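A.B. asks: Mapping to our numbering: the sequence shown position 301 is 304, numbers consecutive. Built from N, CA and C at the ideal position, the CB exists for glycine as well. Because the structure is a prediction, the values reported are computed rather than measured.
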Amino acid sequence: MKNIFHKITAIVAVFAICLSFTGCSLFSEPNKGAYNGQGLPDSTVSAQSVVFKTQEETERKALSRAEAVSMVERSVVAIQMDKEGSTSFGAGVIVDLEDDVLNEFYVITAHHVIADGGKITVYVPDSQTRNYTDEDYDEKFTFTGVIDNYIHETNAITLVGGDAESDVAVLKLNLEGTSVSNQDIIPAKLPTEDYSLMRGEDVFAIGNPSGKLPMTVSAGIVSYLDREVYISEVGYMNLTQIDVQINHGNSGGGLFNLYGELVGITNSGSETYDGINYSIPFRVTYSENDTGFVNIASQLIGSKTENNYGYVSGRWQLGIVTKQKTSEYGGKVLVALTSIVPDSNVDRSNKANPDSAIKVDDIITKITFNDGESDVEMKVSSVSDLSSAVYTMKKYLTLGDSFTITVIRVLGYREETINSTITLSVQNIFCNTGNAIVTE
Numbered sequence: 004m005k006n007i008f009h010k011i012t013a014i015v016a017v018f019a020i021c022l023s024f025t026g027c028s029l030f031s032e033p034n035k036g037a038y039n040g041q042g043l044p045d046s047t048v049s050a051q052s053v054v055f056k057t058q059e060e061t062e063r064k065a066l067s068r069a070e071a072v073s074m075v076e077r078s079v080v081a082i083q084m085d086k087e088g089s090t091s092f093g094a095g096v097i098v099d100l101e102d103d104v105l106n107e108f109y110v111i112t113a114h115h116v117i118a119d120g121g122k123i124t125v126y127v128p129d130s131q132t133r134n135y136t137d138e139d140y141d142e143k144f145t146f147t148g149v150i151d152n153y154i155h156e157t158n159a160i161t162l163v164g165g166d167a168e169s170d171v172a173v174l175k176l177n178l179e180g181t182s183v184s185n186q187d188i189i190p191a192k193l194p195t196e197d198y199s200l201m202r203g204e205d206v207f208a209i210g211n212p213s214g215k216l217p218m219t220v221s222a223g224i225v226s227y228l229d230r231e232v233y234i235s236e237v238g239y240m241n242l243t244q245i246d247v248q249i250n251h252g253n254s255g256g257g258l259f260n261l262y263g264e265l266v267g268i269t270n271s272g273s274e275t276y277d278g279i280n281y282s283i284p285f286r287v288t289y290s291e292n293d294t295g296f297v298n299i300a301s302q303l304i305g306s307k308t309e310n311n312y313g314y315v316s317g318r319w320q321l322g323i324v325t326k327q328k329t330s331e332y333g334g335k336v337l338v339a340l341t342s343i344v345p346d347s348n349v350d351r352s353n354k355a356n357p358d359s360a361i362k363v364d365d366i367i368t369k370i371t372f373n374d375g376e377s378d379v380e381m382k383v384s385s386v387s388d389l390s391s392a393v394y395t396m397k398k399y400l401t402l403g404d405s406f407t408i409t410v411i412r413v414l415g416y417r418e419e420t421i422n423s424t425i426t427l428s429v430q431n432i433f434c435n436t437g438n439a440i441v442t443e
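1) Rounded to whole angstroms, what's the CA-CA distance from E32 to T325? Just pull it up for me.
2) Alpha carbon to alpha carbon, how far is T157 from S390?
3) For the 8 Å Cβ check, are there 3 or more pairs between the segment 109 to 120 and the segment 194 to 207?
4) With 16 other CB atoms within 10 Å as the buried threshold, where does T147 fall?
5) Going by alpha carbons, who is nearest to K335 out of G322, T368 and N185?
6) Please list, in chain order, all residues of the same chain as R230 whose beta carbon is under 8 Å from its beta carbon, the five residues on each side excluded.
7) Measure the alpha-carbon distance for F144 versus M218 and round it to whole angstroms.
8) Write down every uninterrupted run of the alpha helix (DSSP H) in the segment 64 to 151 whose length is 4 residues or greater and which is fully enclosed by it, in chain order.
9) Work out the CA separation of Q131 and D139 for me, nearest whole Å.
10) For V247 and A208, what's the separation of their Cα atoms in angstroms?
11) For the alpha helix (DSSP H) containing I299, name the first residue and the last one.
12) If A392 and I370 are in contact, beta carbons under 8 Å, what's the gap, nearest whole angstrom?
13) Hey, how far is the Cα of N185 from the Cα of E87?
14) Going by DSSP, what residue range makes up the alpha helix (DSSP H) through D277?
15) Using the beta-carbon count (16 or more within 10 Å), is A65 buried or exposed?
16) Counting pairs of beta carbons, one from the segment 119 to 133 and one from the segment 393 to 404, are three or more of them closer than 8 Å?
17) Reducing DSSP to helix, strand and coil, say where P284 ends up.
18) What does a CB cutoff of less than 8 Å around M396 pick up in its chain, not counting 5 residues either side in sequence?
19) Considering only residues of the same chain and omitting the five flanking positions on each side of I343, which have a CB-CB separation below 6 Å?
20) May I ask you to verify whether the segment 355 to 363 touches the segment 421 to 433, counting CB pairs closer than 8 Å and requiring at least 3?
21) What do you get for N270, buried or exposed, if any count of 16 or more other CB atoms within 10 angstroms of its CB means buried?
22) Assuming K382 and L265 form a contact by the criterion Cβ under 8 Å, report the distance between their Cβ atoms to the nearest whole angstrom.
23) Comparing C-alpha positions only, which one of I160, V75, D102 and I97 sits nearest to V54?
24) For D388, does the count of other Cβ atoms within 10 angstroms reach 16, so buried, or fall short, so exposed?
25) Secondary structure at T426, three-state DSSP: helix, strand or coil?
26) Using 9 Å as the threshold, is the C-beta distance between G295 and F92 below it?
27) Which partner residues of Y227 appear in the DSSP bridge assignment?
28) By alpha-carbon positions, which one of I279, Y227 and Y262 ends up nearest to N250?
29) Any idea which residues DSSP pairs E419 with across the strands?
30) Starting from T395, follow the beta strand (DSSP E) in both directions and report where the run begins and ends.
31) Between the beta-carbon of G313 and the beta-carbon of G305, is there less than 9 Å?
32) Specify, as a first and last residue, the run of the beta strand (DSSP E) that S271 falls within.
33) Is it buried or exposed, D99, if we count other Cβ atoms within 10 angstroms and call 16 or more buried?
34) Helix or strand or just coil, what does DSSP make of F433?
35) Is it the case that the Cβ atoms of I283 and L176 are separated by a distance below 9 Å?
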């Protein structure tokens with residue numbers, strides 16, 4: 004059995020974002036992961052109001068590290084994913100909502116931990132906080148389920164939704180029909196509304212390094228706030244940089260302050276430099292697009308329906324697969340289109356404008372879009388260039404917007420340049436069941 008310990012790599016240098024994401028996929032790009040080309044046309048989320056329980060100011064007091072660890076250690080779960088003979092490991096954090104629903108709790112984790120789908124097992128710490136491999140561990144705290152393109156509401160652990168771009172996923176812990184009571188589950192609390200992390204602040208992480216060492220604690224400080232880094236398997240992200248040790252298997256675990264509040268979801272670290280690791284912040288305040296895990300998780304929970312998993316409104320993918328090749332004449336590097344996902348943004352635009360449709364074997368040379376002030380032209384001479392163009396467009400374009408792909412098509416002994424307008428009309432949904440009904 005192949006074991007994979009989840010910790011994705013943070014690359015401090017600037018690289019281009021990949022076009023591919025893993026999980027519930029239609030196809031795979033050569034030498035990369037698979038990504039979900041499914042989605043819904045012309046959709047915006049109409050989400051229910053979701054409010055997480057936060058700490059009240061009157062309850063807050065600074066604790067010793069040992070006291071803070073004791074307060075939150077049972078909120079961090081170990082996660083095991085099994086699919087096609089491979090086993091991978093990660094962690095997650097139990098949180099609670101301000102609602103009256105009994106026997107339900109939510110687990111926030113890193114999306115890349117669960118992105119490949121398959122059988123999921125969540126190990127919740129019992130009252131003795133023993134290792135899950137111990138013979139005397141209470142197995143009633145083991146919850147199992149399946150992540151795929153079907154809703155499995157009756158399972159003990161189910162997927163609520165996932166968002167590859169923010170690397171956040173939400174699971175639901177269902178105690179109905181189990182011998183575990185609400186009092187046995189200890190959810191983490193979030194900071195007060197006016198709280199913000201500070202550089203140099205003491206923090207600690209609890210996770211599942213190697214997949215065999217649940218509830219492991221490591222401590223350090225906040226090294227930097229709002230650091231933009233490139234994360235393998237995910238792309239560019241704005242994260243909290245920490246010097247807390249984060250090992251493989253820690254992804255999805257909690258980063259806590261000395262008030263015992265959940266301030267981050269650990270997800271990545273440098274494979275080259277010691278003491279450079281990252282967590283997804285609880286809130287991003289400097290940008291209109293709050294990629295903090297509280298906002299993303301709220302959207303995932305709020306948009307879930309009986310027919311489909313939750314998602315973040317406005318997410319899109321091109322729906323194409325490309326490969327980089329070298330021209331037979333002159334050795335020039337080219338980006339060739341190898342396939343188009345059915346019913347994707349590109350496919351729909353092709354059908355709407357057949358005279359300017361792009362086709363397999365076309366060479367992509369340029370992407371042009373408007374950033375709200377002026378036209379931006381980005382030349383494409385490598386897959387990295389194309390990835391960078393898509394990353395940049397996602398800062399400015401959302402559903403309903405259009406841009407232009409320029410391609411060269413070889414027709415016998417001549418070349419034809421085609422400018423194709425692509426309209427973004429398909430909402431990307433991780434693990435789309437195909438049954439969702441989304442209101443405008």
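C.D. replies: Taking the geometry as given:
1) Caution applies to E32, whose pLDDT of 33 falls short of 50 and renders its modelled position unreliable; the value that the coordinates give is listed next. Each residue's alpha carbon lies about 7 Å from the other.
2) 40 Å
3) no
4) exposed
5) T368
6) N241, L242, T243, Q244 and Y281
7) 15 Å
8) 68 to 75 and 114 to 117
9) 10 Å
10) 7 Å
11) F296 to S306
12) 4 Å
13) 34 Å
14) Unbroken run through D277: none, as it is neither H nor E.
15) exposed
16) no
17) strand
18) I370, F372 and F406
19) I323, V349 and D350
20) yes
21) buried
22) Actually they are not in contact, since the Cβ atoms of K382 and L265 sit about 43 Å apart, beyond 8 Å.
23) D102
24) buried
25) strand
26) no
27) Q244
28) I279
29) R412
30) Not the beta strand (DSSP E): T395 falls in the alpha helix (DSSP H), residues V386 to Y399.
31) yes
32) L265 to G272
33) buried
34) coil
35) no
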